[in-house]
Amino acid sequence: MRLHNLSKGLKTAYRGSDVHRRVEHFDGWMDRAHGEHAGSAGYDHAQTAKEYYDLCSEFMVFGWGESLHFAPLSQHESLEDSKIRHQRLMIAKLELSKGMTVVDVGCGIGGPMRRVVREAEVNVVGVNSSEVQLEKAKALNAAAGIEHMVDFFACSFMDMGAVADDTFDRAYAIESTCHAPDKAAAFAEIYRVLKPGALFWGQEMCLTDRFDPGDRRHLAIKRELMRGIALNDIATFDEVNRALEAANFEVVEAMDRAVEEDGAATTPWYQPMESRGNRLGSALVAIPLGRRMFMGASRLAEALRIFPKGSTDVIALLDRTANAYVAGGKAGIFTPLYCFLARKPL
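The numbering of the sequence shown is the working numbering, which starts it at 105 and goes up by one.
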């Protein structure tokens, strides 16, 4: 049943396009963005990030679940339970209450959105430029029976011009503003649409204090992460904080939640992409051997026209990116769990 749904989802997402050529074009985005003639080429990074999710979302859901984000992991719970615990932390930090209107900045397919709506009884507006992801989110919301509490804006979070100033009671952005071509400008636009006194939760992919710009290995890992996740750059913790302050937010708290808290042992955030060595129960396709097996099965599925041609290229792209995640995590120079809580002053 899951493979049938994946096949159907891929055919809907790719719509008969030349997937091989699209992956090939995506793979060269850094040359276009940072090459010698980048300025004259009219490069648009928002379009690159959109293409990344248009190509990869169906496989991400298949291997990772509906909530396409990382979470602090515990050896005593499953990956899905860890993500739920993390979402509930966000709900508590945002002090959500029934009847509020909340903006989900870069909502993806709406995994966290559905929990926020069900558990906090708030209305959510999802902002996303990917029509592929929006169609998926709407279908999943309808299946969950919450479509009447959710609205969407099909636009970039860099320019939410259809939204008036001082509209939303709360905002959250989970692994979305890390794709922004200008982080301070992204935060300024979120600031604009929030009411005075509103809280904003964010989860950013960042370089840690252990990153050494003079270390060739560190630079190579950073480049692989940027290339594979469509990150125009990877900010440090201080750069995220400064961007928030430049947008006039007050930073209430900010920390790397991948780090041990109160001396409690944690499981490395990248572990589900490396092994199945604990109770996280990650899908077989998430680990290296499983990814290789899945690539072989995908080639057969392409030959049998179960998967669209070029699907295996997308899996190879995700495999390379997973290896970069693990390398960055093991080296201690990268985290996807820099979480902050900020407030728009009264």
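Note that the Cβ used here is the ideal one computed from N, Cα and C, for glycine as well.
Closest to residue i by C-alpha separation, out of the options, would be which residue?
i      : options                        : result
Ile451 : Phe261, Val363, Ala405         : Missing from the structure shown is residue 451; the chain here goes from 105 to 450 and no further.
Asp269 : Tyr295, Ile278, Gly400         : Tyr295
Phe398 : Val226, Ile419, Val221, Ile410 : Ile419
Ala248 : Leu193, Val221, Val209, Arg126 : Val221
Leu114 : Ala407, Lys413, Phe256, Cys310 : Lys413
Leu193 : Phe444, Val123, Asn232, Ala401 : Phe444
Asn227 : Thr370, Arg424, Thr271         : Thr271
Ser111 : Ala435, Lys434, Leu408         : Leu408
Asp148 : Leu335, Pro376, Asn427         : Leu335
Ser121 : Ser415, Asn232, Trp305         : Ser415
Lys287 : Ala426, Arg327, Glu239, Ala350 : Ala350
Asn232 : Ala277, Gly203, Ala224, Ala246 : Ala277
Glu225 : Phe130, Ala243, Val206         : Val206
Met204 : Glu406, Ala435, Met253         : Met253
Glu378 : Glu223, Arg396, Val430         : Val430
Asp337 : Cys310, Ala405, Asn109, Ala446 : Cys310
His108 : Thr425, Phe411, Lys434         : Phe411
His129 : Tyr156, Met105, Arg119, Gly146 : Tyr156
Arg314 : Trp168, Lys434, Asn345, Ser260 : Lys434
Gly167 : Gly146, Glu223, Pro392, Leu177 : Pro392
What's the C-alpha gap between residue i and residue j?
i      : j      : result
Ser201 : Ile195 : 9 angstroms
Asn382 : Leu450 : In this predicted model, Asn382 has a pLDDT of only 49, less than 50, meaning its place in the structure is not dependable; the value taken from the coordinates is given anyway. C-alpha separation (whole angstroms): 46 angstroms.
Thr370 : Glu181 : 11 angstroms
Asn427 : Trp373 : 13 angstroms
Arg136 : Arg126 : 14 angstroms
Ala275 : Gln375 : 29 angstroms
Glu235 : Ala289 : 23 angstroms
Gly385 : Leu183 : With a pLDDT of 46 at Gly385, under the threshold of 50, the predicted position of this residue should be treated as unreliable, though the coordinate-derived value follows. When rounded, the distance between both Cα atoms is 7 angstroms.
Asp273 : Gly394 : 43 angstroms
Asp360 : Asp316 : 18 angstroms
Pro300 : Met264 : 18 angstroms
Arg396 : Val267 : 45 angstroms
Gln179 : Gly432 : 21 angstroms
Tyr441 : Trp305 : A quick correction: the sequence has Leu, not Tyr, at residue 441. Looking at the two C-alpha atoms, the distance is approximately 12 angstroms.
Gly367 : Gly132 : With a pLDDT of 47 at Gly367, under the threshold of 50, the modelled position of that residue is not reliable, and the figure given next carries that caveat. Whole-angstrom Cα-Cα distance: 43 angstroms.
Ala446 : Glu308 : 13 angstroms
Lys448 : Leu348 : 10 angstroms
His138 : Lys326 : 14 angstroms
Met134 : Arg219 : 35 angstroms
Met105 : Thr340 : 42 angstroms
Pro176 : Val165 : 19 angstroms
Arg346 : Arg119 : 41 angstroms
Leu404 : Ala258 : 36 angstroms
Met217 : Glu223 : 10 angstroms
Pro285 : Ser260 : 11 angstroms
Glu406 : Gly400 : 10 angstroms
Thr425 : Ser402 : 18 angstroms
Gly146 : Lys197 : 40 angstroms
Just to check my reading of the structure: residue i and residue j have Cβ atoms closer than 8 angstroms, yes? What is that Cβ distance to the nearest angstrom?
i      : j      : result
His173 : Glu343 : Contact flag wrong, Cβ pair sits at about 21 angstroms.
Leu303 : Glu199 : 6 angstroms
Thr439 : Thr281 : That belief does not hold up - the Cβ atoms of Thr439 and Thr281 are roughly 15 angstroms apart, past 8 angstroms.
Asp417 : Val123 : 7 angstroms
Glu170 : Gly215 : 4 angstroms
Leu238 : Phe256 : 6 angstroms
Met262 : Ala150 : 6 angstroms
Ala153 : His283 : 4 angstroms
Leu421 : Gly318 : Not a contact, Cβ separation roughly 29 angstroms.
Ala246 : Gly230 : Between Gly230 and Ala246 the Cβ distance is about 14 angstroms, and since that is not below 8 angstroms, they are no contact.
Provide the residue(s) that pair with residue i in DSSP beta bridges, ordered along the chain.
i      : result
Ile278 : Gln307
Met262 : In DSSP, Met262 forms no bridge with anything.
Tyr295 : According to DSSP, which records beta bridges pairwise, Tyr295 is partnered with nothing at all.
Arg361 : In the DSSP output, where bridge partners are listed per residue, Arg361 has none listed.
Asp208 : Gly230, Tyr276
Leu445 : Trp305, Glu357
Asp255 : Val229
Thr439 : Cys310
Ala288 : Its beta-bridge partners do not exist; DSSP assigns none.
Ala339 : Cys310
Leu177 : Thr371
Just checking residue i against the ligand FMN - is the residue's beta carbon closer than 8 angstroms to any of the ligand's heavy atoms?
i      : result
Ala351 : No copy of the ligand FMN appears in this structure; indeed no ligand is present at all.
Across the segment 175-190 and the segment 202-214, are there enough close Cβ pairs to call them in contact, namely three or more that are closer than 8 angstroms? In short, these stretches do not touch, since the Cβ pair count stays below three.
Does the segment 288-303 touch the segment 151-170, meaning 3 or more C-beta pairs lie closer than 8 angstroms? By the criterion of at least three beta-carbon pairs nearer than 8 angstroms, the segment 151-170 is not in contact with the segment 288-303.
Looking at C-beta atoms only, is the number of pairs between the segment 347-358 and the segment 319-332 that lie closer than 8 angstroms three or more? Verdict: no, contact absent.
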